[in-house]
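The structure under discussion appears below in the form of structure tokens.
In mature numbering (1 follows the signal peptide of the UniProt record, and there is no 0), the protein residues as written are -16 to -1, 1 to 367.
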């Protein structure tokens, strides 16, 4: 209750909106929650599919109790489809665009966002020091992390999440179905009890995540439609790897694709190899596209029977890729190149030895008078 009241008071000092961008109703959190939930009911009617696959809006907040030199006390970054689009830190004290398609947004938007983040910075500082007390910390640099967001799938279904961490470890999460706080460790129970003193705090988060978050995501997708709703097909390659024990692994690589959602699977004939397949998470490539791979162990000399199936929204069919053994022409070229390299190195080595022996022979040229006695003595010892 105290946390929510403080949050509302701080925001009222700055603007007529809460940090979420929701209207403030006097000082009564219960009235606020009722208004918000009513708006949520209307916003849900707007939910509809969005072209171009699954899209998400995530925010990551970081607060430090005692930041070191040059470090901000509060940092906030917003992501659309895992690509940063907004950044705020308390050291600079302004919100700045992180994506080209956000550069055209007017100055009022950035000032409003900065006001919201200033309010969150003060709230999360209170949370940081309170949770530090629960951990018996009275000083030193500690941190809290708040992560929340929503997602729209291509078929129109939506999902949301809300998580809170302390010193990089999971602390609390919000169950949006039961509106209850879930503690990740025993010490987090104290924070859970603190936030459960006022149920509308959870309702407030739910209202944003299932309402205004989705509305904001659609607005950002409209702003960055050329970039965020584009489709880039994956480049796919299968490689072969031999383990120390002699086992053979085939790895199916896919990179350079957008949007993020992709399906890679291994098949042997008409059978999909689910249990035998190793999967890794999809990762950003750093250039606005994504990459991933999946692997399967196969018997020796049976590689050609295993096929990698790739499905992506940029493809109008399932792409099938098998491992291709290196051609004999490539092997011949590699052998010739290796032999030429060995011959060249051997020739240069022999030539160097002959020159060295000639210089050190009694009939050879005497050392130059300008050389020091140490160098002359060293040369004589070597010869």
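Note that CB positions come from ideal geometry on N, CA and C, so glycine has one too.
{"Check": "Residue 190, buried or exposed, once every other Cβ within 10 Å from all chains shown has been counted against 16", "Outcome": "buried"}
{"Check": "Three-pair Cβ contact test at 8 Å for the region 228 to 246 versus the region 281 to 300", "Outcome": "yes"}
{"Check": "Nonlocal neighbours in the same chain, by C-beta distance under 6 Å from residue 112, ignoring five residues either side", "Outcome": "47, 49 and 128"}
{"Check": "Alpha carbon of residue 43 to alpha carbon of residue 308, nearest angstrom", "Outcome": "43 Å"}
{"Check": "Close Cβ partners of residue 40 (< 8 Å) along its chain, the five nearest in sequence each way excluded", "Outcome": "63, 64, 65, 66, 133, 134, 135, 136 and 201"}
{"Check": "Contact check, residue 101 vs residue 83, beta carbons under 8 Å", "Outcome": "no"}
{"Check": "Under 8 Å between C-beta atoms of residue 186 and residue 158", "Outcome": "yes"}
{"Check": "Run of the beta strand (DSSP E) containing residue 250, from where it starts to where it stops", "Outcome": "246 to 252"}
{"Check": "N- and C-terminal bounds of the beta strand (DSSP E) containing residue 60", "Outcome": "58 to 64"}
{"Check": "Per-residue burial, residue 219 [other beta carbons within 10 Å of its own, 16 or more giving buried]", "Outcome": "exposed"}
{"Check": "Complete runs of the alpha helix (DSSP H) confined to the region 185 to 217 [at least 4 residues]", "Outcome": "197 to 207 and 209 to 212"}
{"Check": "Pick from 212, 221, 92 and 222 that is closest to residue 273, judged by C-alpha positions", "Outcome": "212"}
{"Check": "Own chain residues within Cβ distance below 7 Å of residue 303, not counting five before or after", "Outcome": "220 and 294"}
{"Check": "Counted within 10 angstroms of its Cβ, other Cβ atoms place residue 106 as buried (16 or more) or exposed", "Outcome": "buried"}
{"Check": "Separation of residue 90 from residue 81, as counted between CA atoms", "Outcome": "11 Å"}
{"Check": "Sheet register partners of residue 78 (DSSP bridge)", "Outcome": "73"}
{"Check": "Short Cβ contact (8 Å threshold) for residue 299 with residue 170", "Outcome": "no"}
{"Check": "Beta carbon of residue 68 nearer than 8 Å to that of residue 76", "Outcome": "no"}
{"Check": "Residue interval of the alpha helix (DSSP H) (run including residue 102)", "Outcome": "91 to 118"}
{"Check": "Boundaries of the alpha helix (DSSP H) in which residue 85 is found, first to last residue", "Outcome": "That residue, residue 85, is in no alpha helix (DSSP H); it is neither H nor E in DSSP."}
{"Check": "Where the alpha helix (DSSP H) through residue 175 begins and ends", "Outcome": "172 to 180"}
{"Check": "Minimum C-alpha distance to residue 283 - residue among 225, 297, 238 and 243", "Outcome": "225"}
{"Check": "Simplified DSSP assignment, three categories, for residue 138", "Outcome": "coil"}
{"Check": "Cβ shell of residue 242 (< 8 Å), same chain only, five flanking positions each side left out", "Outcome": "214, 215, 216, 272, 273, 274 and 298"}
{"Check": "Element boundaries [beta strand (DSSP E), containing residue 307]", "Outcome": "Unbroken run through residue 307: none, as it is neither H nor E."}
{"Check": "For residue 50, three-class secondary structure by DSSP", "Outcome": "coil"}
{"Check": "Candidates 153, 125, 96 and 149, of which the one nearest residue 53 by Cα", "Outcome": "125"}
{"Check": "Cut-off 6 Å between Cβ atoms - residues of its own chain near residue 306, not counting five sequence neighbours on either side", "Outcome": "291"}
{"Check": "Buried or exposed by the 16-neighbour rule on C-beta atoms within 10 Å, applied to residue 270", "Outcome": "exposed"}
{"Check": "Outcome for residue 259 when other beta-carbon atoms lying within 10 angstroms are tallied against a minimum of 16", "Outcome": "exposed"}
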